[in-house]
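To start, the structure itself, in structure tokens.
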Amino acid sequence: MSGASAVQFRRFDRAGAREQRDIVALIHRDAYAADNASRDAFAGESAFMQRFDAYTSRSEFDLVIAYRCNEPIGQTWGWALGPTTAWWDDLTSEPEPGFTVEDGHRTFALSELMVRQRWTGHGVAHALHDELLQHRREIRATLLVRPENTMAYRAYTRWGWRPVGQLRPNWPDAPLMDVLIMPLPLSK
Numbered sequence: 020m021s022g023a024s025a026v027q028f029r030r031f032d033r034a035g036a037r038e039q040r041d042i043v044a045l046i047h048r049d050a051y052a053a054d055n056a057s058r059d060a061f062a063g064e065s066a067f068m069q070r071f072d073a074y075t076s077r078s079e080f081d082l083v084i085a086y087r088c089n090e091p092i093g094q095t096w097g098w099a100l101g102p103t104t105a106w107w108d109d110l111t112s113e114p115e116p117g118f119t120v121e122d123g124h125r126t127f128a129l130s131e132l133m134v135r136q137r138w139t140g141h142g143v144a145h146a147l148h149d150e151l152l153q154h155r156r157e158i159r160a161t162l163l164v165r166p167e168n169t170m171a172y173r174a175y176t177r178w179g180w181r182p183v184g185q186l187r188p189n190w191p192d193a194p195l196m197d198v199l200i201m202p203l204p205l206s207k
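Numbering-wise (the numbering used here), the sequence shown opens with residue 20 and increments by one.
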């Protein structure tokens, strides 16, 4: 395996993403096999796919799937936060006045980033991250990460993300998550 250099990316809008539902589930099942085995209800496939179906209703939904030799090996997605978003609901504290005000062009929410187990540690996650965000027109991006997910947390901070608070997403069994922010466009 030569890492991310031999990876091809395919981008899908919300309609195209729905057509990739089986591939999305396959990548999730492999990437989160340990969480699924531990019965983490929030990370389980049923709850995950329920969220995927809800997220693909957003007009700005953007999915990138990574392939190597036509094998799907990872995925990432998100959408622009609209004026009536619930994303910031239950944010523990607002870092600055107006921080949670959205207009559909200010913030891109990176919702998911995952790589199949065989491909972790080969730069695929970072390549997916950059492929998704380099085409965004918003001025910042946000994501949620479990504080105990030290591997992901370290990667995000290396890539330029910074923590700004915590919140619990409005989904059944959702854990308390750290909120991270990154300015856009990506700097190279």
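The beta carbon of each residue, even a glycine, is placed where N, CA and C say it ideally should be.
Since this is a predicted model, take the numbers as computed values, not measurements.
Residues near residue i by beta carbon distance below 7 Å, same chain, minus five either side
{"i": "Met20", "result": "In this prediction, Met20 has a pLDDT of 43, which is less than 50 and means its spatial position is unreliable; what the coordinates show is noted afterwards. Hits under 7 Å: His141."}
{"i": "Ala105", "result": "Asn189"}
{"i": "Ser130", "result": "Tyr74, Trp96 and Gly97"}
{"i": "Glu113", "result": "Thr119"}
{"i": "Pro102", "result": "Glu121, Asp122 and Gly123"}
{"i": "Leu195", "result": "Gln185 and Arg187"}
{"i": "Thr169", "result": "none"}
{"i": "Glu64", "result": "Ala44, His47, Arg48 and Asn55"}
{"i": "Gly179", "result": "Met201"}
Residue i vs residue j beta-carbon contact at 7 Å
{"i": "Asp59", "j": "Arg135", "result": "no"}
{"i": "Phe127", "j": "Leu82", "result": "no"}
{"i": "Phe71", "j": "Glu150", "result": "no"}
{"i": "Pro91", "j": "Ile42", "result": "yes"}
{"i": "Asp197", "j": "Phe61", "result": "no"}
{"i": "Val143", "j": "Ala52", "result": "no"}
{"i": "Ala44", "j": "Met68", "result": "yes"}
{"i": "Ala174", "j": "Val164", "result": "no"}
{"i": "Ala25", "j": "Arg87", "result": "yes"}
{"i": "Leu132", "j": "His148", "result": "yes"}
Cβ shell of residue i (< 6 Å), same chain only, five flanking positions each side left out
{"i": "Pro202", "result": "Arg159"}
{"i": "Thr161", "result": "Thr126, Ala128 and Ile200"}
{"i": "Arg156", "result": "none"}
{"i": "Pro182", "result": "Asp197 and Leu199"}
{"i": "Trp107", "result": "Thr119"}
Own chain residues within Cβ distance below 8 Å of residue i, not counting five before or after
{"i": "Thr111", "result": "Gly184, Gln185 and Leu186"}
{"i": "Gln153", "result": "Pro204 and Leu205"}
{"i": "Ala66", "result": "Ala60, Trp190, Pro191 and Asp192"}
{"i": "Asp109", "result": "Leu186, Arg187 and Asn189"}
{"i": "Gln39", "result": "Phe31, Leu82 and Ile84"}
Extent of the continuous beta strand (DSSP E) run through residue i
{"i": "Ile158", "result": "Looking at the DSSP string, Ile158 is not in any beta strand (DSSP E), and its letter there is neither H nor E."}
{"i": "Val183", "result": "Arg181 to Leu186"}
{"i": "Ser112", "result": "Taken as a continuous stretch (DSSP letters only), Ser112 belongs to no beta strand (DSSP E), as it is neither H nor E."}
{"i": "Asp81", "result": "Asp81 to Arg87"}
{"i": "Ala128", "result": "Thr126 to Val134"}
{"i": "Asp209", "result": "Because the chain in this structure spans residues 20 to 207, residue 209 falls outside the shown range and cannot be described."}
{"i": "Thr214", "result": "In the structure as shown, the chain starts at 20 and stops at 207, and residue 214 therefore has no counterpart that could be examined."}
{"i": "Arg70", "result": "Here Arg70 belongs to no beta strand (DSSP E); instead the alpha helix (DSSP H) covers Glu64 to Tyr74."}
{"i": "Phe61", "result": "Premise fails: Phe61 is in no beta strand (DSSP E) and is neither H nor E."}
{"i": "Arg77", "result": "Neither: Arg77 is in no beta strand (DSSP E) and is coded neither H nor E."}
{"i": "Arg29", "result": "Gln27 to Phe31"}
Endpoints, alpha helix (DSSP H) assigned at residue i
{"i": "Ala44", "result": "Arg40 to Ala50"}
{"i": "Arg165", "result": "Note, Arg165: premise wrong, no alpha helix (DSSP H); not H, not E."}
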